[in-house]
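Note sheet for the following structure.
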Amino acid sequence: MSPTSITMTGYGVSPGVACAPLARMTPPVITDPDEAPGENPAHEVQRVRQALTEVAAQLSAIATGGTAGAILEAGAAMAGDPALVQAAAHHIGQGAPTAHSLSLAIDTYCTQLEQAGGYMAERAADLRDIRNRAVALLMDVPMPGIPRPGHPFILAAEDLSPADTAQLAGGDVVGLLTEKGGPTGHTAILARALGLPAVVGCPHAGDLPDGIPVLLDGRAGTVEAHPSPQRRQQALDDARNRTQPRTKGPGRTADHHAVQLLTNIGTPADAFRAAQADNEGVGLFRTEFLFLDRREPPTLEEQIRAYSQVFDSFEGRTVTVRTLDAGSDKPLPFLHLPREDNPALGLRGLRTATLRPGILETQLAALVTAQRRTSARMRVMAPMVATAEEAAHFAGLARSCGVQTVGIMIEVPSAALLAHDLLPHVDFASIGTNDLAQYSLAADRTSQPLGHLLDPWQPALLTLVATVCGAAEALGRPVGVCGEAAADPLLALVLAGLGVSGLSMAAPAVADVRDALAELTLEQCRSLAAAVLDATGPATARATAEEMSETFRAVAPEGEGL
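Printed below as a string of structure tokens:
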């Protein structure tokens, strides 16, 4: 008798279908508080220091550029923080075993990061990975890591660290499944960058035994154990059909309405790879890689060199740059910002320029100098703009520095609701759906239990997008989406129908979005958008869009669309 099929649900964070046996991550070592302490406390503290130094070196060694590389370099800097050694030394001095002392010290920091929320909470997973690696070195046991069964498999874990996820490219892993995590965590971001189907935040995934056959749908967020032969074949056929894109070139609906297809990048290495792909440029260039974990800000010349590399990769194409998005939620030592109880609602993004205007002015000067050396079409936008006054101030500053095309990010509900007041000051806007969802639905982006509220199909979020698009159309301003919503081919149809003129996403998602747009006319996209706005919840919204789009495809005239 065949085993009964069981279906579980999590958050689908990276589209695609995978069908393969399950294999679990090697679990981290649990330290023993009753182990005998070392005889020489000073020697034990030195062992901790050496272990953390080796972990930092390991992370730097596998940081080979790109989005993953930037995250790993930040982790290496965390491992080298003397505060970790000092905290472990305190516990060693009280007679605790060495490995357990380090575990206690790092767990305390993790708790503090999680209580801070926002970006800081996301760093807790990175810090736990540092703990697990250092503890394994101290105890002289195998390092926790990715299994090597010798055949394609779906990797299951409680959570995945950036170091683990970054090493998946080119291996036997065909899909990712985690018990923890949310739609905007590092696992989600890196899975999309690697093009691996992924489901996160699936709490019962830990009940699945090693070796069990699993069918994972990274778009729907479903995980089916013991799928029937028919379901397996269907999954293989679907995957085979999507191996090659069906369309090429600029994004267009079936009736040739343009929807620009762009990619998100975080480093010059990202830019080089993305420039080789079939896209229309960059819709979000995150510039934080230059600033992270530094005691002093990068110099003008350093920035000019880095930005020039990016612009060189995209000669003749659009590059949309986001100015430094840091603050009390992403602390940088040289900003000298005060500690805040709620950093996600505090000094971040453009707000930091009110305290350190020189940082922004130098960055703008570097961007203008770098762009003038190439033929890339540069656009520069500011994050975390909340009022018309802020939009006007940034636009004035950017233009005085020589920026020709100035924009703002719409991430705050006030900016969306009053877009008709903000947009006259700028040339374009880009909607960051991740933060806009967080703020409009009062749901921390890093909170797994609240992940359902961060669903980009939430009608409240899409209503705000529609409000921005309405204002943009009246004023003749283009408006894009650079949040994770842009990577969903079905939702891309709705966004086009709402009036979004450009979509920016992880590079592997572009082909599917382009194909989806080519199948429906603009008027059909508008019909989808109207129906979705009338939905009472995200599940109903998605189901309505799926049903309507299938109907439109079924009645498409011969020769229309693909």
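For any residue, its number in our numbering is found by taking its place in the sequence shown, counting from 1, and adding 32. C-beta: ideal position from N, C-alpha, C; glycine also.
Neighbourhood of residue i by C-beta, 7 Å cutoff - its chain only, sequence neighbours within 5 removed
{"i": "A618", "result": "In this structure the chain extends from 33 to 594, so residue 618 is not present and cannot be described."}
{"i": "M110", "result": "D158, L159 and I162"}
{"i": "M33", "result": "Here the model assigns M33 a pLDDT of 39, short of 50, so the residue's position is not dependable, and the following value carries that caveat. Same-chain partners within the cutoff: there are none."}
{"i": "T465", "result": "P488, L493, V513, G515, E516 and A517"}
{"i": "F317", "result": "I297, V342, V351, T352, V353 and R354"}
{"i": "E86", "result": "L169"}
{"i": "C142", "result": "A156, L159 and R160"}
{"i": "V500", "result": "I442, A448, A451, A461, I463 and V511"}
{"i": "S610", "result": "Residue 610 lies beyond the residue range present for the chain, which begins at 33 and ends at 594; the question has no answer from this structure."}
{"i": "L91", "result": "L104, G107, A108, A111 and A195"}
Same chain, Cβ closer than 8 Å to residue i, five either side skipped, listed in chain order
{"i": "V444", "result": "M416, V417, A418, D467, L468 and Y471"}
{"i": "A168", "result": "P60, V61, P174, M175 and P176"}
{"i": "L268", "result": "C51"}
{"i": "V55", "result": "A quick correction: the sequence has Ala, not Val, at residue 55. Result list for A55: P179, P181, F185, I186, L187, A188, D242 and G243, in chain order."}
{"i": "E505", "result": "G531"}
Segment limits, alpha helix (DSSP H) that includes residue i
{"i": "P300", "result": "P300 to A307"}
{"i": "R224", "result": "H218 to L226"}
{"i": "V564", "result": "L554 to L565"}
{"i": "I442", "result": "Careful: I442 lies outside any alpha helix (DSSP H), inside the beta strand (DSSP E) at V438 to I442."}
{"i": "F346", "result": "Counting along the chain, F346 falls outside any alpha helix (DSSP H), and DSSP gives it neither H nor E."}
{"i": "M410", "result": "Taken as a continuous stretch (DSSP letters only), M410 belongs to no alpha helix (DSSP H), being part of the beta strand (DSSP E) at R409 to A414."}
{"i": "A201", "result": "No alpha helix (DSSP H) holds A201; DSSP gives it neither H nor E."}
{"i": "G390", "result": "P389 to Q403"}
{"i": "V417", "result": "V417 -> no alpha helix (DSSP H), and no H or E assigned at all."}
{"i": "V61", "result": "No alpha helix (DSSP H) holds V61; DSSP gives it neither H nor E."}
{"i": "H457", "result": "Premise fails: H457 is in no alpha helix (DSSP H) and is neither H nor E."}
{"i": "G125", "result": "P114 to G125"}
{"i": "L449", "result": "P445 to L449"}
Where residue i falls: helix, strand or coil (DSSP)
{"i": "E11", "result": "The requested residue 11 is not part of the displayed model; the chain covers only 33 to 594."}
{"i": "R371", "result": "coil"}
{"i": "Q292", "result": "strand"}
{"i": "M33", "result": "Caution is warranted here: a pLDDT of 39 is assigned to M33, below 50, making its placement in the model unreliable, and the coordinate value is therefore given only provisionally. Correct three-state label for M33: coil."}
{"i": "S501", "result": "A quick correction: the sequence has Cys, not Ser, at residue 501. Residue state, collapsed to three classes: helix."}
{"i": "C433", "result": "coil"}
{"i": "L248", "result": "strand"}
{"i": "A68", "result": "coil"}
{"i": "I463", "result": "strand"}
{"i": "R79", "result": "helix"}
{"i": "G483", "result": "helix"}
{"i": "E578", "result": "helix"}
{"i": "A237", "result": "helix"}
{"i": "R546", "result": "helix"}
{"i": "R165", "result": "helix"}
{"i": "R284", "result": "strand"}
{"i": "L473", "result": "coil"}
{"i": "A586", "result": "helix"}
{"i": "E328", "result": "coil"}
{"i": "F323", "result": "coil"}
{"i": "G428", "result": "helix"}
{"i": "A525", "result": "Reading the sequence as shown, one finds Leu at residue 525 and not Ala. The answer is helix: DSSP assigns L525 an H, G or I state."}
{"i": "L84", "result": "helix"}
{"i": "D242", "result": "coil"}
{"i": "S340", "result": "helix"}
CB-CB length for residue i against residue j, believed under 8 Å
{"i": "R155", "j": "S135", "result": "Between S135 and R155 the Cβ distance is about 17 Å, and since that is not below 8 Å, they are no contact."}
{"i": "G253", "j": "T41", "result": "6 Å"}
{"i": "G250", "j": "P47", "result": "5 Å"}
{"i": "R509", "j": "L554", "result": "That belief does not hold up - the Cβ atoms of R509 and L554 are roughly 18 Å apart, past 8 Å."}
{"i": "P229", "j": "G214", "result": "Contact doesn't hold; Cβ gap of about 17 Å is too wide."}
{"i": "L396", "j": "A430", "result": "6 Å"}
According to DSSP, residues forming a beta bridge with residue i
{"i": "R56", "result": "A188"}
{"i": "M537", "result": "T295"}
{"i": "T41", "result": "T254"}
{"i": "F317", "result": "I297 and V353"}
{"i": "G512", "result": "S462 and G534"}
{"i": "L359", "result": "It is worth fixing the name first, because residue 359 is Gly in this sequence and not Leu. Partner(s): R380."}
{"i": "S46", "result": "A230"}
{"i": "C51", "result": "L247"}
Same chain only: Cβ atoms within 6 Å of residue i, ignoring 5 sequence neighbours per side
{"i": "V291", "result": "G283, A528 and L549"}
{"i": "T437", "result": "R411 and D459"}
{"i": "S133", "result": "A120, H123 and I124"}
{"i": "Q490", "result": "P570"}
{"i": "L473", "result": "L485"}
Residue i, enclosing beta strand (DSSP E) - first and last residue
{"i": "T210", "result": "V205 to T210"}
{"i": "A230", "result": "A230 to V232"}
Proximity test, residue i beta-carbon vs the ligand FMN heavy atom, cut-off 6 Å
{"i": "L379", "result": "This structure lacks the ligand FMN, and indeed carries no ligand of any kind."}
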